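Colleague: Protein chains in written order, with the working numbering: chain U, 121 to 151; chain H, 27 to 178.
Encoded as C-alpha cells, here's the structure I'll be asking about.
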Amino acid sequence: IHSKYRKKHQNEFQLLVDQAKKGYKKTGIMS
Amino acid sequence: MSTPALRRLMRDLLPWQEDPLVGVSGAPSENNIMQWNAVIFEPDGTPFEDGTFKLVIEFSEEYPDKPPTVRFLSKMFHPHVYADGSICLDTLQDRRSPTYDVSSILTSIQSLLDEPNPNSPANSQAAQLYQENKREYEKRVSAIVEQSWNDS
C-alpha cells in the first residue's frame, strides 16, 4: 500500500516537500 | 454536506495558507478530504537532518474529538515508530485535546524524532541502539534519510 499510495500522490508530496523547506528558508536556518 | 469534522479540517488548513510552517506541511489528498498527505522535513543538527519524510493522516467523522491515525509512508527507524509506520505518541492517543490541530500533531512528531523516550519502544531495536550504540543508531537513521529522498 505504501509505495502504490506514494506513487499515486507523488506530485502532491513534492509540493508538500517544497512547502516544508520554504518554512525553513523563511527562518534563515536554510539558505 | 458540511459536517463538524469537515469544518474543523478546513480550519486546520489555515496555518499553511497564511505562512509556511517550519519544516512541516500537510494538505488533503486530491480525492479525499478526510485523508491528508503530509511531510516532515528535519532541521540541521539532528541525525534526521535533511530527511523528507512522507506521512498519511486519516480522519474519521468524530474528529476532532477522536484523534486521526497518522502513519509514516517513508521508511522510518525510530524507537516510537512501528514497522508499519504507525506512531506511538501520547498526544495521538489518550493525552490528546480536541484543540490539537494538524500542524500541532506534525510539529510534535517532528520534535519527537530527535527526542525519543526509549522506555516505551514501538521499535525495540531502535530503542536499544539509541541507548547503547549511538553511532550505529545514527548510521541506521542516515540510511532512511537517504531513502526518503528517493522514495517519492
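Glycine included, every Cβ here is placed at the ideal spot set by N, Cα and C.
Predicted model only: the values in this text are computed from it and were never measured.
Please name the residue or residues paired with Ile113/H in a DSSP beta bridge.
Modeller: Answer is Val107/H, bridged to Ile113/H.
Colleague: Tell me, to the nearest whole angstrom, how far the beta carbon of Gly49/H is from that of Phe67/H; I am working on the premise that it is less than 8 Å.
Modeller: 5 Å
Colleague: May I ask you to list the residues that DSSP assigns as paired with Gly52/H?
Modeller: Ala64/H
Colleague: In the DSSP assignment, the alpha helix (DSSP H) including Leu132/H goes from what residue to what residue?
Modeller: 128 to 140
Colleague: Three Cβ pairs or more, each shorter than 8 Å: is that satisfied between the segment 82 to 92 of chain H and the segment 52 to 64 of chain H?
Modeller: yes
Colleague: Thr78/H bridges to which residues according to DSSP?
Modeller: Answer by DSSP bridge pairing, in chain order: Phe67/H.
Colleague: Helix, strand or coil: which one does DSSP assign to Glu44/H?
Modeller: helix
Colleague: With a cut-off of 8 Å, does the C-beta of Lys80/H fall near any C-beta of chain U?
Modeller: yes
Colleague: According to DSSP, is Asn131/U part of a helix, a strand, or is it coil?
Modeller: helix
Colleague: Does Gly71/H pass the burial test, meaning 16 or more other C-beta atoms within 10 Å, or should it be called exposed?
Modeller: exposed
Colleague: Look at the alpha carbon of Phe103/H and the alpha carbon of Leu118/H, and state the distance between them as a whole number of angstroms.
Modeller: 19 Å
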